[in-house]
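Just so you know, we're using the working numbering here: the sequence shown kicks off at 1491 and counts up by one.
Using N, Cα and C, we set each Cβ at its ideal position, and we do this for glycine too.
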Amino acid sequence: MVGLGLLITGPAARVWPLSSEDGVDDALERARTGTLDTVSFVVSEAGNTGTVVLGTVVSCLVLLLIPRLPRLREAVFLAVAVSLQSLVFLVVTEAVDRTRPDVDRLDASPPTSSYTSGHTGAATALYAGLAVLVLHRAKGPWRRVVAALLLLLPLLVGLARAYRGMHHPTDVAGGLLNGGLSLLIVGRALLAGPHLPAPLPSGATRHPGTTRTTRGAPAGPGSGRTTVIHNPTVTDEAARDAVRGVLEQHGHHSVRFLETTADDPGEGPARDALREGAALVVVCGGDGTVRAVAEALAGTGTPLAVVPCGTGNLLARNLGLPLEPAKALSAALRGTPRRIDLGRVEGDGLPPAHFTVMSGAGLDAAMLEGTSDRAKATWGWPAYLVAGLRELRAPRTRLTLRLDGAPPLRRGARMVLVANAGTVQGGTALVPAARPDDGLLDLMILDPHGPAGWLTAVRSLLRRRPSPRTGGRTDTAPRPVEYFTFRRAEIHFEAPQPRELDGDPVAPGRRLTAEVVPGALTVLVPERGE
């Protein structure tokens, strides 16, 4: 920035187009009107120091304090980018002494140099930074319109500063460059990689560890280290060789394999992979292994490829992956990064933990606890059905449910299921409305009474058209199967209940608190139609 300023004010000053800057300044002065003076004043104030500081503080507080967000990394990104451009501006304006345009200036001249435009640089860092966050963190068709308006603001601020006689055109360009480079540098440090996946053209593929977008081209050898975390009880040497072969075909040559153990089902190896700078983590195992690895990757932005090797493989089913390991990995590597939500639960005797698909208490947890490893190895997921039949006579329990701070609900239940995604074995949509990327969790309460109640419950489940209630609707009568949507739920059982996380039994208890963590995990998903 300093070198560019010295070039502009020195050897290049008499070279076109820099030699015509005075003419541009004069033309803008001649074009002034009362209306344009007022409009330019308002627009110029959008880049004023006070406005930018206040806007940055408010934006960071929103990112940190709104319960549905909170976005510490994004808040730091915005604050550091704005601060960095200010520091660069101060250094540059001291090093490059450039006088302001020789026209009638509409604002009081500050003591700083004309190069660069501080208003433009600050506006670029703040508003373009917000545009980046809107494009890559928000959902919905409106985000592109909002981002376009935010990106337009720095350009308007720069034009207003030139119109008001405060800066030459190259000063404005320098401000845009300062703010843009500050965003780029801080973004690369804090938000780099597939943690901020850009929309891809149809048929294009973005591979982990590279910023190049191609059509069907594999990632190059320099795409970064890939770590494969595998459960040795379900992945033998032949399976590992098959995984290595698929990775090689897709350009991932630097591959390290880490085993899980009974004491560490995957979280420890995943943290080791992160410390060593893995650009991609591949997990080979069942739902328990996937959950443990996701626990470590939550919030890091490091992409995860799921290779289903277990009994349930619920996350793989809900992501649309094939259930054959090699085909699943190949489809994931040809796919794109997608940020999905995680659920977070805790309770008495249950420390805070994330889940990817489902967590529950009651019948489903008892069914999982009653299914032996031998039965799962022999029969696969149908072994759960046999165990479930044995648990149908388990007593009901009473519970108190509070959703998103609404008045409490009191219900009887045989099973309570908190779902981030709704499809289970056999392709059954047990919680049809649950989506892993909607920023919400879904709750199913199962409480049939007698044969007629069970028939009604089965009919409701097979209909696959739930009528979810929000946390605010607490005045409706209970039904054999009820669905609710929420961001935070507090459940208190009358008696201790068996509990489970993504198919793994955990300590029984009387309390379960669940909340959604939006966009916490980046996974590779197949392209549509695969």
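Three-state secondary structure assigned by DSSP to residue i
| i | result |
| --- | --- |
| Tyr-1605 | coil |
| Val-1718 | strand |
| Arg-2000 | strand |
| Ile-1935 | strand |
| Asp-1762 | helix |
| Ile-2042 | Residue 2042 lies beyond the range of the chain shown here (1491 to 2020); nothing can be said about it. |
| Arg-1730 | helix |
| Ala-1569 | helix |
| Pro-2008 | strand |
| Thr-1801 | coil |
| Val-1581 | helix |
| Thr-1918 | coil |
| Asp-1994 | strand |
| Thr-1546 | helix |
| Val-1796 | strand |
| Arg-1829 | strand |
| Arg-1963 | Low confidence applies to Arg-1963: its pLDDT is 46, below 50, so where it sits in the model is not reliable, and the reading given next is rough at best. In this structure, Arg-1963 counts as coil in the three-state DSSP scheme. |
| Arg-1563 | helix |
| Gly-1540 | helix |
| Gly-1683 | Low per-residue confidence applies at Gly-1683: pLDDT is 39, beneath 50, and the placement is therefore not dependable, though the value from the model is reported in the following sentence. It is helical. |
| Leu-1639 | helix |
| Val-2013 | strand |
| Leu-1673 | helix |
| His-1658 | coil |
| Leu-1616 | helix |
| Asp-1927 | coil |
| Arg-1824 | helix |
When the options are compared against residue i, the one with the closest alpha-carbon
| i | options | result |
| --- | --- | --- |
| Ala-1650 | Leu-1596, Gly-1756 and Leu-1764 | Leu-1596 |
| Arg-1654 | Asp-1594, Thr-1790 and Ala-1571 | Asp-1594 |
| Phe-1747 | Glu-1738, Arg-1730, Tyr-1605 and Gln-1739 | Arg-1730 |
| Asp-1762 | Thr-1792, Glu-1972 and Pro-1631 | Thr-1792 |
| Gly-1833 | Arg-2000, Gly-1839 and Ser-1849 | Ser-1849 |
| Ile-1675 | His-1740, Val-1578, Ile-1935 and Gly-1789 | Val-1578 |
| Arg-1590 | Pro-1885, Thr-1499, Pro-1986 and Pro-1941 | Thr-1499 |
| Val-2006 | Ala-1843, Pro-1898 and Val-1914 | Ala-1843 |
| Leu-1494 | Pro-1922, Asn-1668, Leu-1574 and Leu-1544 | Asn-1668 |
| Leu-1666 | Met-1905, Thr-1801, Ser-1607 and Pro-1815 | Ser-1607 |
| Val-1724 | Asp-1661, Arg-1588 and Val-1780 | Val-1780 |
| Pro-1759 | Tyr-1605, Thr-1716, Gly-1800 and Glu-1727 | Thr-1716 |
| Ala-1788 | Asp-1527, Asp-1777, Ser-1534 and Phe-1845 | Phe-1845 |
| Asp-2023 | Leu-1930, Leu-1496 and Leu-1891 | With the chain represented from 1491 up to 2020, any question about residue 2023 goes unanswered, as that position is not in the structure. |
| Pro-1815 | Gly-1775, Val-1783 and Ala-1782 | Gly-1775 |
Neighbourhood of residue i by C-beta distance below 8 Å, restricted to the same chain and skipping five residues each side
| i | result |
| --- | --- |
| Ala-1502 | Leu-1508 |
| Thr-2003 | Val-1835, Glu-1836, Gly-1837, Arg-1978, Ala-1979, Glu-1980 and Ile-1981 |
| Val-1624 | Arg-1633, Val-1636, Ala-1637 and Leu-1640 |
| Leu-1819 | Val-1733, Val-1736, Leu-1737, Val-1772, Ala-1795 and Val-1797 |
| Arg-1900 | Arg-1888, Leu-1889, Thr-1890 and Leu-1891 |
For residue i: DSSP bridge partner residues
| i | result |
| --- | --- |
| Met-1848 | Ala-1909 |
| His-1982 | Thr-1890 and Arg-2001 |
| Ala-1843 | Val-1835 |
| Tyr-1973 | Met-1934 |
| Phe-1747 | Val-1718 |
| Gly-1611 | Partner(s): none; Gly-1611 has no beta bridge. |
| Ala-1903 | Thr-1887 |
| Arg-1989 | Ala-1851 and Val-1996 |
| Leu-1770 | Thr-1716 |
| Gly-1775 | Pro-1798 |
Spatial neighbours of residue i in its chain, beta-carbon cut-off 6 Å, leaving aside the 5 residues before and after
| i | result |
| --- | --- |
| Pro-1722 | Glu-1749 |
| Ala-1688 | Confidence at Ala-1688 is low in this model, with a pLDDT of 34, below 50, so the placement of that residue should be treated as unreliable; the coordinate-derived value is given next. If we look at Ala-1688 and ignore the five residues flanking it on each side, it has no Cβ neighbours. |
| Leu-1809 | Val-2015 |
| Val-1581 | none |
| Glu-1859 | Pro-1988 and Pro-1995 |
| Gly-1767 | none |
| Asp-1512 | none |
| Leu-1620 | Leu-1640 |
| Arg-1829 | Gly-2009 and Thr-2012 |
| Ala-1565 | Cys-1550, Leu-1553 and Leu-1554 |
Close Cβ partners of residue i (< 7 Å) along its chain, the five nearest in sequence each way excluded
| i | result |
| --- | --- |
| Gly-1537 | His-1609, Thr-1610, Ala-1612, Ala-1613 and Val-1647 |
| Leu-1813 | Pro-1798, Asn-1803 and Ala-1806 |
| Thr-1946 | Pro-1938 and Pro-1970 |
| Thr-1602 | Thr-1583 and Gly-1608 |
| Ser-1530 | Ala-1650, Tyr-1653 and Arg-1654 |
| Leu-1680 | Arg-1563, Val-1566 and Phe-1567 |
Neighbour flag for residue i against chain B, beta carbons, 8 Å
| i | result |
| --- | --- |
| Val-1572 | Considering every chain present, this structure includes no chain B. It has just one protein chain. |
CB-CB length for residue i against residue j, believed under 8 Å
| i | j | result |
| --- | --- | --- |
| Ser-1549 | Ala-1615 | Between Ala-1615 and Ser-1549 the Cβ distance is about 11 Å, and since that is not below 8 Å, they are no contact. |
| Pro-1659 | Val-1514 | 6 Å |
| Asp-1932 | Thr-1975 | 5 Å |
| Asp-1831 | Asp-1927 | 6 Å |
| Val-1542 | Val-1572 | 7 Å |
| Gly-1993 | Gly-1778 | 6 Å |
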